[in-house]
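Asker: Take 645 as the starting number for the sequence shown in the numbering used here and just add one per residue.
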Amino acid sequence: MNTAAPKTVPPPSMIVFTDLDGTLLDHDSYSHAAALPALNKLRALQVPVVLASSKTAAEIAVLRHELDFDHVPAIVENGAGVLPAGTEAPQQSTDYTKLRTALARLPIDLRSGYQGFGDWGDEGVAHHTGLPMEQAKLATQRQFSEPGLWTGPEHLKQEFLDALAQSGIAAREGGRFLTLSFGGTKAAQMGAILAQYETPFSVALGDAPNDVEMLETADLGVVIANPHRAPLPQLAQETQGKILRTELAGPSGWNQAMLEIIAQRHLEERIPTNG
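#1: Starting from the Cα of Asp663, find the closest Cα among Val847, Ser811 and Thr731 and give me that residue.
#2: To which residues of the same chain is Val866 closer than 6 Å at the C-beta, ignoring the five residues directly before and after it?
#3: Tell me the DSSP secondary structure of Phe845 in three-state form.
#4: For His910, which residues from the same chain have a beta carbon less than 6 Å from its beta carbon, with the 5 sequence-adjacent residues on both sides left out?
#5: For Phe788, does the three-state DSSP call read helix, strand or coil?
#6: To the nearest angstrom, how far is it from the Cα of Gly760 to the Cα of Ser789?
#7: Use the C-beta contact count for Gln802: other C-beta atoms within 10 angstroms, 16 or more gives buried, fewer gives exposed.
#8: For the stretch 672–691 and the stretch 873–882, state whether three or more C-beta atom pairs, one from each stretch, are separated by less than 8 Å.
#9: Nearest to Pro791 by alpha carbon, out of Thr700, Asp753, Gly730 and Leu824?
#10: Take the Cβ of Gln908 as the centre, count every other Cβ of all protein chains shown within 10 Å, and call the residue buried at 16 or more, exposed below.
#11: With DSSP collapsed to three states, give me the class of Arg744.
#12: Taking just the CA atoms, how far does Ala783 sit from Glu703?
#13: With a threshold of 16 other CB atoms inside 10 Å of the CB of Asn684, please say whether the residue is buried or exposed.
#14: In this structure, what does DSSP give as the bridge partners for Asp665?
#15: Short of 8 Å in beta carbon distance, which residues of its chain neighbour Pro650, apart from the five on each side in sequence? Order them along the chain.
#16: Buried or exposed: which applies to Leu680, given that a residue is buried once 16 or more other Cβ atoms fall within 10 Å of its Cβ?
#17: Using the three-state DSSP reduction, which class does Leu683 fall into: helix, strand or coil?
#18: Thr741: which of Lys699, Ala729, Gln785 and Gly723 sits nearest, CA to CA?
#19: Confirm, please, whether the CB-CB distance from Pro844 to Ile659 is below 8 Å.
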């Protein structure tokens, strides 16, 4: 009789949480090509890369498959939801319908000042984001949140936000859009995913205000330079060396930062060799 204990998979040596637009993906082209050297090493090291973005589950499922991280959960719609590992189709949710209903009930002077993805449709989303039409259609398949732009008078913006707050809707400024949701953050989802992997050393990378909590939650945060927006103000943990900044922008900065972290932690020694 074989009484040997079943084999268990050891926790990874590191886990990476990354924003997409302006961070892993180029702000203009949405390409991750410049980050391929670091991504290839992370795959070889079996380091989970958790995509964490304002993008929908439908969008992230495609990118996650392209990056070969289908086996890793992803944080979608700015932390309002999660795309489980191994899942291709988005999960069902009624949050988006409730959110759009709350918007429709606002006084006309407040409602008219905000235009979201649900107002623009596929063509409008393609125009405002620069996405190809096929990707824009995935971006409109929302489940938990509504990105958009406040185009109304500035003095009414806070009144708009306060009115939504009465319906339990929070607003967060991202790299491009003002995103509305019923709560949930990248940092909160990050904690649950870390626990799944037995809390290894964590790295988070991002470029926008909605990434700050994620950067501060990780063992090491990396602010990726983005010349298309005002830089994030200095964060408290920067003086302690727990948050770094890149000089290179987008995926080039992402690649440089991750290669340096891999080298500093001597992880390359763990890459299996053939033969």
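Note that CB positions come from ideal geometry on N, CA and C, so glycine has one too. Predicted model, so just to flag it, every value in this text is computed and none were measured.
Answerer: Let's see:
#1: Val847
#2: Leu849, Leu888 and Ala901
#3: strand
#4: none
#5: coil
#6: 10 Å
#7: exposed
#8: no
#9: Leu824
#10: exposed
#11: helix
#12: 6 Å
#13: exposed
#14: Leu669
#15: Low confidence applies to Pro650: its pLDDT is 35, below 50, so where it sits in the model is not reliable, and the reading given next is rough at best. Counting only Cβ-Cβ distances below 8 Å, and skipping sequence neighbours, we find nothing.
#16: exposed
#17: helix
#18: Gln785
#19: yes
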